[in-house]
Amino acid sequence: MKPEVQTILELQEFDLKIDWIQKRKVEIPQEIQEIKREIEDLLNQRVTLREALKKKELEAAKLETDLEVAEETLRKFRIQLNEVKTNEEYRKALEQIHHQEQRIQEIEERAYQALEEVERLKHELPQKEREIDEAIEHLKFRVKELEEEFQQLGDEYLQYASQREARRKRIPERILMKYQKLRELRGGRVIVPVMGQVCGGCQAELPPQQILDLKTSGDLGVCEICGRFLYVPEEVLHS
Ligand SMILES: [Zn+2]
3 MKPEVQTILE
13 LQEFDLKIDW
23 IQKRKVEIPQ
33 EIQEIKREIE
43 DLLNQRVTLR
53 EALKKKELEA
63 AKLETDLEVA
73 EETLRKFRIQ
83 LNEVKTNEEY
93 RKALEQIHHQ
103 EQRIQEIEER
113 AYQALEEVER
123 LKHELPQKER
133 EIDEAIEHLK
143 FRVKELEEEF
153 QQLGDEYLQY
163 ASQREARRKR
173 IPERILMKYQ
183 KLRELRGGRV
193 IVPVMGQVCG
203 GCQAELPPQQ
213 ILDLKTSGDL
223 GVCEICGRFL
233 YVPEEVLHS
């Protein structure tokens, strides 16, 4: 393989690394935003859990009060029963008592359910909060990792950019320009190996004579189908 082919392959590797860095520089802040939204959601979930318990406790307390009032009313109705004068009044008073007893039963039932719910929520709360806190810790750690990665990208970029410059200087202008155009057009790898009988970029079959020429010269060729630069890998040249 000619030294300039080796150089342009190295250039490509640095360009690909820099492409990746630039992609990550866009992705990482988006990923961090996304994770911060998840953390926000989890914090809200935590608050909602506490609020649900508080709400149930208030409901249970109110039902207790309702029950006391209803029982007091029932006592009054029972006293009034002794003071009625007529059968009709007696019948009505009994009906009132019966109705009140039913009401009390209903409130008792609801109060019992509310208390059970309070107990259940109280019991579940620590475990659920612990799970949420662990999830938040995990996400915060991920944010830290991403922030560190973002920091490092800056250093790596400088390092690769200077390596890239050094390679560029050693490549003939004509080839460099074609290489740049291909990169803009195709992205990714634009210098691809001959793989068996086919182009490593588009998989099109290559003329046997072209492969033979590339093997003999160790130079760059061009795929007639996709326009990418072709080369025969070093290990194939010497096999
Ligand atoms: Zn091709």
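By the numbering used here, the letter at position 231 of the sequence shown is numbered 233, and the numbering carries on one by one without gaps. For each residue, glycine too, the CB sits at the ideal point set by N, CA and C.
Determine the closest residue to residue i out of the options, with distance taken between C-alpha atoms.
| i | options | result |
| --- | --- | --- |
| L214 | C228, V238 and A206 | V238 |
| T50 | G156, Q104, Q165 and L123 | L123 |
| E59 | D17, G203 and V120 | V120 |
| E131 | E15, E53 and W22 | E53 |
| D43 | G203, D135 and Q161 | D135 |
| F231 | P209, P210 and C201 | C201 |
| Q2 | I227, R170, C204 and Q199 | Since the first residue of the chain shown is 3 and the last is 241, residue 2 is not available in this structure. |
| C204 | L222, G229, G223 and L216 | G229 |
| D101 | Y114, R77 and N84 | Note that residue 101 corresponds to His in the displayed sequence, not to Asp. Selected option, being the one with the closest Cα: R77. |
| G189 | K142, Q32, I20 and V7 | I20 |
| I23 | I138, H125, I173 and Y159 | Y159 |
| H240 | E226, S219 and I227 | S219 |
Using the beta-carbon count (16 or more within 10 Å), is residue i buried or exposed?
| i | result |
| --- | --- |
| A62 | buried |
| L13 | buried |
| Y181 | buried |
| L222 | buried |
| A116 | buried |
| I81 | exposed |
| Y233 | buried |
| V7 | buried |
| A206 | exposed |
| R39 | exposed |
| V28 | exposed |
| L45 | exposed |
What are the partner residues of residue i, as DSSP defines its beta bridges?
| i | result |
| --- | --- |
| Y233 | P195 |
| C269 | This structure does not reach residue 269, given that the chain is present from 3 up to 241, and the question cannot be answered. |
| C201 | V196 |
| E207 | V200 |
Just verifying my parser: in three-state terms, what is the DSSP assignment at residue i?
| i | result |
| --- | --- |
| V86 | coil |
| R172 | coil |
| M179 | helix |
| K4 | coil |
| G156 | helix |
| H240 | coil |
> Do three or more CB pairs link the region 9 to 28 to the region 161 to 169 at distances below 8 Å?
Replying inline: Yes: the two stretches touch, three or more of their Cβ pairs being nearer than 8 Å.
> So, do the region 150 to 161 and the region 92 to 99 have three or more beta carbon pairs nearer to each other than 8 Å?
Replying inline: No: fewer than three Cβ pairs fall under 8 Å.
>> Three Cβ pairs or more, each shorter than 8 Å: is that satisfied between the region 176 to 188 and the region 70 to 90?
In response: Verdict: no, contact absent.
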